[in-house]
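Number of protein chains: 2
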Amino acid sequence: MTITIIGTGLIGGSMALALKEKGFADKVIGVDANPLHCKQALALGIVDEIQELAEAVTISDLVILATPINAAEVLLPVILGMVNKQVVMDVGSTKKIICESAAENKNRGRFVATHPMWGTEYSGPEAAVKAAFEDKAVVICGKEASDKDAVELVEKVYGLLGMHLVYMHSADHDVRVAYVSHISHITSFALANTVLEKEREEDTIFELASGGFESTVRLAKSNPAMWVPIFMQNRENVLDVLNEHIAQLRKFKSCLEKENYEYLEELIEKANGIRRILK
Amino acid sequence: MTITIIGTGLIGGSMALALKEKGFADKVIGVDANPLHCKQALALGIVDEIQELAEAVTISDLVILATPINAAEVLLPVILGMVNKQVVMDVGSTKKIICESAAENKNRGRFVATHPMWGTEYSGPEAAVKAAFEDKAVVICGKEASDKDAVELVEKVYGLLGMHLVYMHSADHDVRVAYVSHISHITSFALANTVLEKEREEDTIFELASGGFESTVRLAKSNPAMWVPIFMQNRENVLDVLNEHIAQLRKFKSCLEKENYEYLEELIEKANGIRRILK
């Protein structure tokens, strides 16, 4: 099978590596607007060749759209205009807008909207990891709007990657990821800025940073080119969660201000409930 | 050398294991108010025997005070009242109050105030890890108030554990850990509560949680018995950082509300500055 990866970075690159290793992709064609990424993807064996979009889509069986989501929204209707039997899947972090952008397309059936729940704070072909997706969840949205054979091919791809399938409506997906992914990035960015501000006064503030700090702040290394479009597209859900999160922080603040340590203990015990989820 | 560990949990237990392995401790005596922890510490080989406080201190060369900091503050003057040649060190997450609690003690010189910058979200003897402290920083505060031989022994202990020594005033320590440790715990507790609240409406919200979420929330598993006293003792510094952190979050909120994506990008790029610190 010939596969085109549009956007040869962290997600597209990791998929290409895995699908080549599984013997599922005979040939992987890379399409990328960034010449450096094209060069790196070739050098790292992520893609076998680089092509222009139209040519790549024409000769492929499967097209994986793995650009930042603002570009994906623009490219999807263009790609669907080029396909006949090909299957097109995206891998973006929001699902409502991409589904809307394809909704009225005559080739809507060839498109499958997906979101594999894996990522890191790094980006570009050099961040790609072969066994990235194993044992993680992948969401497929609006399955009923996709052709049966297209869904089956995409399910096969994710099966090969070792992912378990979750089906949901695109709007439900976008609410959930605001809670379990997007807000984590905002808290990390804000925490990084809090401490970096302090560093201007106390230039050795990081001398004592250890694992706990790193854990809560590592996502702050994430690329704005990926994340600004996510926050734009999922703005209302993210604002809801951010408001709730600030309200939760204010409870801690109020406990400290009023020296109400009984309630502080209660808040922490409640938070300990996360032990049910994170083993 | 005979060493007494008061509080046989995560930190005390990890130290005991390492110091036994290095051959530095011939005998480790455990003192713990929790009978279950005493039993576990014996079973896990963390301590060789369990004793009452007075007896243990009397026959030891080194006493490591590793209880939650509210207990340490009360126990330190009691222990200093029992020592003559013994060295007493604490390992608590705040340093100002413990130093004050010893300041006027006739045996102040036998005490060395320390804070090894390592921990996890787990607690108790079963959480102890042998190679816990390697390559991490340890802070020694108010060194000038400790006897020279006491400081040398403590420096030797931390050298054996593979830690690098940082010296600072207890008040400076407490400001810094508010930024690089205590606030991370508050953001994690608050984030856990934000998502756990949502779970009441949407009981499958965690189905999509992956590495990024886990990273920012894992500290929310931390024990309130340890953390409430830390927030009490470092209340003013933690409140300062918490106020700054809420102000930083409000900048993100304002960007989303006003759809000011240029400034949002700027905030994220600024946060990316953390790449300098976290490799």
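Sequence order for the protein chains is A and B. In our numbering, each residue carries its 1-based index in the first sequence increased by 7. In our numbering, each residue carries its 1-based index in the second sequence increased by 7. We put the beta carbon where it would ideally sit given N, CA and C, even for glycine. On a predicted model such as this, the values are computed, not experimentally measured, just so you know.
Would you call the CB atoms of residue i and residue j closer than 8 angstroms?
i: residue 15(A); j: residue 132(A); result: yes
i: residue 187(B); j: residue 213(A); result: yes
i: residue 32(A); j: residue 278(B); result: no
i: residue 252(A); j: residue 180(A); result: no
i: residue 101(B); j: residue 237(B); result: yes
i: residue 245(B); j: residue 190(B); result: yes
i: residue 89(A); j: residue 71(A); result: no
i: residue 69(B); j: residue 203(B); result: no
i: residue 219(A); j: residue 192(B); result: yes
i: residue 196(A); j: residue 153(A); result: no
i: residue 76(A); j: residue 240(A); result: yes
i: residue 26(A); j: residue 130(A); result: no
i: residue 137(A); j: residue 21(A); result: yes
i: residue 120(B); j: residue 148(B); result: yes
i: residue 2(B); j: residue 82(A); result: Outside the displayed range of chain B (8 to 286) lies residue 2(B), so it cannot be described from this structure.
i: residue 266(B); j: residue 231(A); result: no
i: residue 11(B); j: residue 63(B); result: yes
i: residue 215(A); j: residue 135(A); result: no
Once the 5 residues before and after residue i are set aside, which same chain residues still bring their CB inside 8 angstroms of it?
i: residue 1(A); result: The requested residue 1(A) does not occur in the structure, where chain A is confined to residues 8 to 286.
i: residue 156(B); result: 94
i: residue 225(A); result: 128 and 195
i: residue 198(B); result: 223, 224 and 227
i: residue 116(B); result: 152, 153, 154 and 157
i: residue 106(B); result: 120, 148, 149, 152 and 177
i: residue 28(A); result: 137
Could you tell me if residue i is buried or exposed, where buried requires 16 or more neighbouring beta carbons within 10 angstroms of its beta carbon?
i: residue 66(A); result: exposed
i: residue 211(A); result: exposed
i: residue 80(A); result: buried
i: residue 261(A); result: exposed
i: residue 174(A); result: exposed
i: residue 44(A); result: buried
i: residue 205(B); result: buried
i: residue 91(A); result: exposed
i: residue 19(B); result: buried
For residue i, which residues in chain D fall below 7 angstroms Cβ to Cβ?
i: residue 255(A); result: This model lacks chain D altogether, as its protein chains are A and B.
If I measure Cβ to Cβ from residue i and keep anything under 7 angstroms in the same chain, skipping five residues before and after, which residues do I get?
i: residue 103(B); result: 177, 178 and 181
i: residue 108(A); result: 80, 83 and 84
i: residue 229(B); result: 128 and 192
Is residue i near the ligand FMN, with its Cβ less than 7 angstroms from a heavy atom?
i: residue 154(B); result: Among the ligands in the structure shown, none appear at all, so the ligand FMN cannot be discussed.
Got a sec? Which residues, its chain only, sit under 6 angstroms from residue i by beta carbon, not counting five neighbours each side?
i: residue 124(B); result: 143 and 144
i: residue 292(A); result: Summary: the structure shown does not reach residue 292(A), with chain A confined to residues 8 through 286, and so no result is reported for it.
i: residue 139(B); result: 21 and 125
i: residue 114(B); result: 87 and 90
Would you be able to state if there are at least three C-beta pairs under 8 angstroms between the region 53-66 of chain A and the region 27-38 of chain A?
Here the region 27-38 of chain A makes contact with the region 53-66 of chain A; the two share three or more CB pairs at distances below 8 angstroms.
Worksheet entry | Where the region 183-199 of chain A meets chain B: residues whose CB sits under 9 angstroms from a CB there | So the list reads 183, 184, 186, 187, 188, 190, 191, 192, 193, 194, 195, 196, 197, 198 and 199, given in the order they occur along the chain.
TODO: Give the residues from the region 111-143 of chain B that approach chain A closer than 7 angstroms (Cβ to any Cβ), ordered along the chain.
DONE: For the region 111-143 of chain B, which is checked against every Cβ of chain A, the residues closer than 7 angstroms are 124, 125, 126 and 143.
**OP:** Please list the residues of the region 17-39 of chain A that have a C-beta atom closer than 7 angstroms to any C-beta atom in chain B, keeping them in chain order.
**Re:** Within the region 17-39 of chain A, no residue has a Cβ that lies closer than 7 angstroms to any Cβ of chain B.
- [ ] Taking only beta carbons into account, state which residues of the region 90-102 of chain B come closer than 8 angstroms to chain A, listed in chain order.
- [x] Listed by position along the chain: nothing, the set is empty.
If you measure beta-carbon to beta-carbon, which residues of the region 225-239 of chain B are closer than 9 angstroms to chain A?
Answer in chain order: 225, 226, 227, 228, 229, 230, 231, 232, 234, 235, 236, 238 and 239.
Q. Between the region 49-80 of chain B and chain A, which residues of the former have a C-beta closer than 7 angstroms to a C-beta of the latter?
A. So nothing in the stretch comes that close.
Along the region 271-282 of chain A, where does the CB come closer than 7 angstroms to a CB of chain B? Name the residues. From the region 271-282 of chain A, only 271, 272, 274, 275, 276, 277, 278, 279, 280, 281 and 282 have a Cβ closer than 7 angstroms to chain B.
**Report entry** Contacting positions in the region 144-163 of chain B - beta carbon closer than 8 angstroms to chain A
**Finding:** Along the region 144-163 of chain B, the positions whose C-beta sits under 8 angstroms from a C-beta of chain A are 144 and 146, read in chain order.
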